[in-house]
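Single-structure report; data block below.
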Amino acid sequence: MQDEKKKELTGLTLREITDWAGTFGFPSFRGKQILRWIHQGADFDEMTNLPKDMREKLKETAVAQPVSIQMIRKSELDGTVKFLYSLKDGNCVEGVLMRYRFGISLCISTQVGCRMGCRFCASTLEGRIRDLTAGEMLGEILAANRYLAENGENGKVSHVVLMGSGEPLDNYDQVIRFLRLLREEEGIRISLRNVSLSTCGIVPRMYDLAKEKLPVTLCVSLHAPNDMIRRQTMPVANTWTIREILEACRNYIRETGRRVIFEYALADGVNAGRKEAEELAELLRGMQCHVNLIPLNEVRERHLKGVSEETVREFMRILENRHISVTRRREMGDDIEGACGQLRRKVIGG
Ligand code: SAH
């Protein structure tokens, strides 16, 4: 059977795997065993507590691990690891593993490419190729865990951020399914409190997400204090205004009790001046939120420029003085093309 027609087991719940295995006459405790193996990143040959003929049957009809690591780059500076993952259809996506005091965080992709068209971003240069399945998103984590184990590195992925290529809320159903799989019985069991989902601000889906009542941290790529500036760099700003986005954020905070994080990449001469800092502080006043300042990563194909250290500090100071909670994102993996979409482009010849 061709891989595309096979069942992708990483995308199934315990119930679904058990039912599916049942169609071959396998007893229901096998479902648990299979799911446990799958979430440990195992291939069928490694599932040693299954009878051989059962393993053969599974191999013929299903895919155990839909994601493999095609290329690895490890930062000499901070141990950040960048993965280029390959998918069964030959597409590839990127992921970044970062070590923090609180654990190991993995940035995962939700689509091959992206159709949002943000002018500073490398992931969107060729548009969206396709959505990832929930099983592929989980597969990214399983592949990273396997890498850690095989390289004698301590620990497993404990935190997940949906900040790789793609717009998670443009692939809503599969993303929600993926989030639910993280807490599946017998599975990988990553708490949704350790998961952050970043969106460029697809307002209706932000309301939908709030209704799911999942305790994920919502991050919003704001990148501008007003719609005029936002429209210069983010086409999605022509569809929804900042006002509508903030209203959806307040709703999310009410529904989930969790603060929202605003991402703000500083681009020289665009959004990084004193005036913009003051405007941003005014905009967010009184809101249960946090601002994450990102010094813009310059992308070869894009014309936007980053800012000086001085500019970042000044911007931060203005927000702090106005009692807005703010940090600057640690720049990790600067030596390994850590920014979204850069490694993939290099490899596919962009
Ligand atoms: N589509 C989602 C998820 C991508 S997350 C979103 O827009 O939020 C990746 C984050 O990095 C987003 O905040 C994105 O705006 C930001 N980003 C993309 N390219 C960047 C660059 N060159 N420099 C700094 N930040 C960038």
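Read left to right, the sequence shown gives residues 0 to 349 (numbering that gives the first Met the number 0).
All C-beta atoms in this analysis are idealised placements derived from N, C-alpha and C, irrespective of residue type, glycine included.
query: Beta strand (DSSP E) segments (min. 3 residues) lying fully within the stretch 63-141; result: 66-73, 80-86, 91-99, 102-106, 110-112 and 127-130
query: Helix, strand or coil at Ala143 according to DSSP, with G and I counted as helix; result: helix
query: Opening and closing residue of the alpha helix (DSSP H) in which Cys319 lies; result: One point to set straight first is that residue 319 is Glu, not Cys, in the sequence displayed. Glu308 to Asn320 is the extent of the alpha helix (DSSP H) around Glu319.
query: Any non-hydrogen atom of ligand 1 closer than 8 Å to Asn237 Cβ; result: no
query: Local conformation of Phe177 per DSSP, three classes; result: helix
query: Buried or exposed by the 16-neighbour rule on C-beta atoms within 10 Å, applied to Asp88; result: exposed
query: Euclidean distance between Cα positions of Thr22 and Ser157; result: 34 Å
query: Straight-line Cα distance separating Glu59 from Gln1; result: 9 Å
query: C-alpha gap between Gly349 and Met53, whole angstroms; result: Unreliable placement is indicated for Gly349, whose pLDDT of 41 sits below 50; the coordinate value is still reported in the next sentence. One C-alpha to the other measures close to 44 Å.
query: Host beta strand (DSSP E) of Ala264 (start-end); result: Val259 to Leu265
query: Given 8 Å, three or more beta-carbon pairs between the stretch 137-149 and the stretch 316-331; result: no
query: Straight-line gap, Ala280 to Arg321 (C-alpha atoms, nearest Å); result: 6 Å
query: Where Ser195 sits in the DSSP three-state scheme; result: strand
query: Check whether Glu262 and Ile293 have beta carbons under 9 Å apart; result: yes
query: Inter-residue spacing [alpha-carbon to alpha-carbon] between Arg35 and Thr9; result: 10 Å
query: beta-carbon Phe177 near ligand 1 non-hydrogen atom, thresh 8 Å; result: no
query: Ala223 versus Asn48 - alpha carbon distance; result: 55 Å
query: beta-carbon His38 near ligand 1 non-hydrogen atom, thresh 8 Å; result: no
query: Straight-line Cα distance separating Asp130 from Gln287; result: 32 Å
query: Opposing strand residues paired with His302 [DSSP bridges]; result: None, per the DSSP bridge assignment.
query: Near ligand 1: Asn296 beta-carbon under 8 Å from a heavy atom; result: yes
query: At least 3 beta-carbon pairs within less than 8 Å: the stretch 229-246 vs the stretch 193-208; result: yes
query: Three-way DSSP call (helix, strand, coil) for Pro167 in this model; result: helix
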